[in-house]
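Numbering (this note's numbering), first residue to last: 5 to 140.
The next block holds one structure in the form of structure tokens; read it before the comments.
Below, the structure is given as structure tokens:
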């Protein structure tokens, strides 16, 4: 379990450890807490730049929760949200060689174009909506 005060600290750690470490649990300050840390969005952006990905999240205490980050597994699927984040990070010149390598691999084997939509962004097809409305 590691606490980083800001994105720069997290990025410095990843720059030094992205190949040697399998993952890390980050302490992320909860909204409204007096505690401070790298934010969840900042942490994900930095992770993506180095070819890492977020996964499990769990409670820590009243001020923090824990978020797991790890190297992307070979062949793991991409979410549409992360594809869009990486496109923005690339345009901003923030991607690093390990992250660019993960993107190249995903584009080469089709995972990039097959990125899935997050469940929260899913849209019910009109025919299913009609069928559900007809039989509530």
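C-beta: ideal position from N, C-alpha, C; glycine also.
Note that this is a predicted model, so its numbers are computed, not measured.
Straight-line gap, residue i to residue j (C-alpha atoms, nearest Å)
i           : j           : result
residue 88  : residue 119 : 10 Å
residue 56  : residue 23  : 10 Å
residue 15  : residue 134 : 48 Å
residue 29  : residue 140 : 44 Å
residue 36  : residue 99  : 31 Å
residue 61  : residue 72  : 6 Å
residue 95  : residue 53  : 12 Å
residue 105 : residue 137 : 46 Å
residue 18  : residue 117 : 27 Å
When the options are compared against residue i, the one with the closest alpha-carbon
i           : options            : result
residue 63  : 24, 33 and 55      : 33
residue 38  : 21, 14, 25 and 65  : 65
residue 78  : 60, 107, 50 and 97 : 107
residue 126 : 9, 58 and 83       : 83
residue 2   : 110, 103 and 96    : In this structure the chain extends from 5 to 140, so residue 2 is not present and cannot be described.
residue 40  : 52, 10, 61 and 49  : 10
residue 67  : 129, 7 and 49      : 7
residue 101 : 130, 50, 13 and 59 : 50
residue 43  : 124, 12, 20 and 19 : 12
Sub-9 Å separation of residue i and residue j beta-carbons
i          : j           : result
residue 31 : residue 93  : no
residue 26 : residue 75  : yes
residue 85 : residue 122 : yes
Which residues DSSP lists as bridging residue i, in chain order
i          : result
residue 6  : 30
residue 3  : The structure shown does not extend to residue 3, since the chain spans only 5 to 140, so no value can be given for it.
residue 24 : According to DSSP, which records beta bridges pairwise, residue 24 is partnered with nothing at all.
residue 63 : 69
Test: residue i CB closer than 9 Å to a CB of chain D
i           : result
residue 113 : Among the protein chains of the structure shown there is no chain D, as only one such chain exists.
- Taking only runs that begin and end inside the segment 71-118, name each unbroken alpha helix (DSSP H) of 4 or more residues, in chain order. 84-95 and 101-113
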